[in-house]
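Undergrad: If you read the sequence shown in my numbering, its first letter stands for residue 73, the second for the next number, and so on. We put the CB at the ideal spot given by N, CA and C, even for glycine.
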Amino acid sequence: MRIKSDIWVAAYLRRCQTQNIFGAVRRRGSDEAGAIFVKLALLDGNALLFTPAPQSAYDESRPAERIFSQSTSGPVAEQVVEERLAKEVRFDPDVWIVEIEDRAGRHLLDLAKQ
Numbered sequence: 073m074r075i076k077s078d079i080w081v082a083a084y085l086r087r088c089q090t091q092n093i094f095g096a097v098r099r100r101g102s103d104e105a106g107a108i109f110v111k112l113a114l115l116d117g118n119a120l121l122f123t124p125a126p127q128s129a130y131d132e133s134r135p136a137e138r139i140f141s142q143s144t145s146g147p148v149a150e151q152v153v154e155e156r157l158a159k160e161v162r163f164d165p166d167v168w169i170v171e172i173e174d175r176a177g178r179h180l181l182d183l184a185k186q
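(1) Helix or strand or just coil, what does DSSP make of Val167?
(2) Spell out the partners DSSP gives Gln142 in its beta bridges.
(3) Measuring CB atoms only, is the stretch 116-126 touching the stretch 140-149, in the sense that at least three cross pairs come out at less than 8 Å?
(4) Could you check how far apart the C-beta atoms of Ala115 and Arg175 are, in whole angstroms? I think they sit under 8 Å.
(5) Find out if the Cβ-Cβ distance for the pair Val97, Val170 is shorter than 8 Å.
(6) Starting from the Cα of Asn118, find the closest Cα among Glu160, Thr90, Gly177, Ala184 and give me that residue.
(7) So, are the CB atoms of Gly95 and Trp168 less than 8 Å apart?
(8) Determine the direct distance from the alpha carbon of Leu183 to that of Glu173, and round the result to whole angstroms.
(9) Here's the rule: buried if 16 or more other CB atoms are within 10 angstroms of the residue's CB, otherwise exposed. What is Gly146?
(10) Where do the N-terminal and C-terminal ends of the alpha helix (DSSP H) with Arg86 fall, by residue?
(11) Taking the alpha-carbon of Ser203 as reference, which of Arg162, Arg99, Arg156 has the nearest alpha-carbon?
So this is what it looks like as structure tokens:
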């Protein structure tokens, strides 16, 4: 059983805070099971977007984890990330959008193995 989205987001933001990474909820989605998208603003006009990893990336022995995939090969203009997020919201109004800011690119997310 996967932890509820609202609890995961609160814990993630607390974890970021302990590392002096600013973060905030930009869009609150479904408390129970809303998909979570994380925008990492690099504070230079560029950003990275982390999306929920496909189900095939999950370890069967640890199905409750939340893992993410980086949606681009590297930093892109923030506007590109914003356009993608707008599409996701139109597709699924229950999504969460979390934004963090870190010049060094730290995100503290568990990423899917490539």
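TA: The answer reads as follows:
(1) coil
(2) Phe122
(3) yes
(4) Strictly speaking, residue 115 in this sequence is Leu, with Ala absent from that position. The pair is a contact, with the Cβ atoms about 5 Å apart (cut-off 8 Å).
(5) yes
(6) Gly177
(7) no
(8) 18 Å
(9) exposed
(10) 77-90
(11) Nothing can be reported for residue 203: it is not among the residues displayed for the chain, which extend from 73 to 186.
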